[in-house]
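In the working numbering, the protein residues as written are 24 to 231. Where is the CB? At the ideal position from N, CA and C, for every residue including glycine. Notes for the one structure printed next.
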Amino acid sequence: MAQGHPFFITFVPMEKEAKFCCAKCGKEFRAQTPMYVSVERNPELKQEIISGKLFIKECPYCGNRQIIRFPLVYVDTAASLLIYLSESSAINIDDPAGFTCRLVSDAGSLIEKIKIFDAGLDDIAIEMCKFVTLQELGKQVELKFFKLEGAEGDMIFTYPEKGEMQMLSVGLNVYEDCRKILQRNPSIEEGAKGLVKIDRDWLSTFLA
Ligand SMILES: [Zn+2]
């Protein structure tokens, strides 16, 4: 393994041309999409992922801007983190030793994972926080981690409701409690080895 670079990177082309169909005028157009984003080499692409800009393409015929879907490998070597964005769950990719590897099936989940790991948090504990918080709220919504805020480091989650994005603040003590539960139940973290999709469904298999 080359210093600082997971060995599989050489097999992943940097970008490819893909075909898209405009949702407004119906015309087909081609556009370059990155297949591999290295935070080290392309920090600007990381910012485009987080802002969502990378997933929006403009139709060259009518100017309509639409969200596009494409597979992507995201690697943050300094954080030993690999996230694979793919709508398919049948993935055959080498997970480099010592890396945290995650599978996500949509851009919103990729953005959330990056924010969680950038905040120095554990995504399994965050998933558990969401589970506990939703039970208390009694709502069937999808929470997404947004950021840490304030002197106490409260967790801010977002969720859609009535066509608007709502914010929800949850104390970091909830996160710490979830971390303690995980420490007492090592089988959960053991189940997160390899390229795993950590989400509500994944966690619920342990809580059943
Ligand atoms: Zn168009």
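Next on the checklist: Is the beta carbon of P57 closer than 8 Å to that of M37?
Outcome noted: yes
Checklist entry - Does the stretch 92-107 come within contact of the stretch 159-170, defined as at least 3 CB pairs closer than 8 Å? => result no
Checklist entry - CB of N208 to nearest heavy atom of ligand 1: below 7 Å? => result no
Checklist entry - On the three-state DSSP scale, how would you describe K170? => result strand
Checklist entry - Would you call I90 buried or exposed, if buried means 16 or more other Cβ atoms sit within 10 Å of its Cβ? => result exposed
Checklist entry - Under the three-state reduction of DSSP, which class applies to A2: helix, strand or coil? => result Past the boundaries of the shown model lies residue 2; the chain is included only from 24 to 231, so the question cannot be answered.
Item to check | I134, buried or exposed, once every other Cβ within 10 Å from all chains shown has been counted against 16 | outcome: buried
Checklist entry - Okay, do the stretch 41-53 and the stretch 62-79 touch, 3+ Cβ pairs below 8 Å being the bar? => result no
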